[in-house]
Each structure stands twice: as structure tokens, then as C-alpha cells.
Amino acid sequence: MRITQEADYALRIILHLSKNGIDARVDAKSISESEGIPTRFTLKILRKLTKAGLTKSYRGVGGGYSLNRKPASITMRDVIEAIDGPIYINRCLYDKEYCNLHRTNTCDIHRELNKIRKTLIEELESVNFKDLMR
1 MRITQEADYA LRIILHLSKN GIDARVDAKS ISESEGIPTR FTLKILRKLT KAGLTKSYRG
61 VGGGYSLNRK PASITMRDVI EAIDGPIYIN RCLYDKEYCN LHRTNTCDIH RELNKIRKTL
121 IEELESVNFK DLMR
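Going by my numbering, the sequence shown opens with residue 1, and the numbers climb by one from there.
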């Protein structure tokens, strides 16, 4: 499993918005310049974060983006999954048709990888953006 550059940028965007406060509206260009992310890529990421309910978008003069939830209720898992989808270490854990051993439930390797996946998810859920601001 690898966290994509897009997810890394999304984490930075959410932290940026968290530092500005839940009600502060920040335009994409300001976020882009502050975080060193190309503006078009920032807009693409913000669309995904808004679709996932993590941010809100505002149109027109005074528009921009803000958090849709308090930083304490947004975890690293929320952001990564909003961008990259569900977290899996091995394709066999999410695509049962990919692995013929999964159908017979005899693969000890996959059971152990699933335990590791659950630990990783718990760790990502334990880190929220309020904590990251400290």
C-alpha cells in the first residue's frame, strides 16, 4: 500500500483549512500557493474532499472553501479514503475474484495481511486534525 501524492496533498489542504478555522473561507489559489500545490490539482482535490463531505465550497465573491466538519472529527483515514478509496494492503483482500485461495478461506497470508490492514486503519483513525495542529 502506498499513499498517493494526491492523498498527501489532500492531507496538507485539510490541515491548512483546519489552521484557518472551521468557518474561514479560503480560495483555492491561496491554498495552492501556501502549500506549494499546482492550482488545478488543488481544485481537483478540493472537489473530491467536498464530495466526501469534508469541505464546503462557496461560489462567487467571497467564495472559496472551508471545512465542513470540526478538525477533531476529521481523521487521516477520512482524507485518504476520500481521495484514494478504501485502504487495502493486498488486492486479494478487496477483490475476492482475484484470488482463488480466498474462496476456500485457506490463505494464512491474507488473514495476517488483513490484521495488519485493520491495525493501520485504527492508527489512521486515531489521528485527527485538531491533534495535528498542536
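Backbone N, C-alpha and C fix where the C-beta goes; we use that ideal spot for every residue, glycine too.
Taking 7 angstroms as the limit between beta carbons, can you name the residues of its chain near residue i, skipping five residues before and five after?
i      : result
GLU125 : THR75 and ARG77
SER32  : PRO38, THR39 and THR42
PHE129 : ILE14, LEU15, SER18, PRO71 and ILE74
VAL127 : THR75 and MET76
Thinking C-beta only, is residue j closer than 8 angstroms to residue i?
i      : j      : result
ARG117 : ILE80  : no
ALA10  : ILE121 : no
LEU43  : THR55  : no
ARG111 : GLY62  : no
GLY53  : ASP27  : no
Does DSSP put residue i in a helix, a strand or coil?
i      : result
ASN128 : strand
ASP8   : helix
HIS102 : With a pLDDT of only 49 at HIS102, under the threshold of 50, the placement of this residue in the model should not be trusted; the figure read from the coordinates follows. HIS102 falls in the helix class under three-state DSSP.
ILE45  : helix
ASP84  : helix
ASN90  : coil
ARG134 : coil
ARG2   : coil
ILE22  : coil
Grab me the residues of residue i's own chain with a C-beta within less than 8 angstroms of its C-beta, minus the 5 sequence neighbours each way, in chain order.
i     : result
ARG12 : GLU35 and ILE37
ILE3  : ILE80 and ASP84
ASP23 : SER66
ASN68 : THR50, GLY53, LEU54, THR55 and LYS56
ALA7  : VAL79, ILE80, ILE83 and ASP84
Can you name the start and end residues of the alpha helix (DSSP H) that residue i belongs to?
i     : result
ALA28 : 28 to 35
By Cβ distance below 6 angstroms, which residues in the same chain neighbour residue i in space, the five residues on each side in sequence not counted?
i      : result
LEU57  : According to the sequence provided, residue 57 is Ser. The question's Leu does not apply to it. Around SER57: THR50 and TYR65.
LEU132 : LEU15
LEU113 : ILE89 and ASN90
ASN20  : VAL26
Q) Could you give the uninterrupted runs of the beta strand (DSSP E) lying entirely in the stretch 50 to 77, keeping only those of 3 residues or more? A) 55 to 58 and 64 to 67
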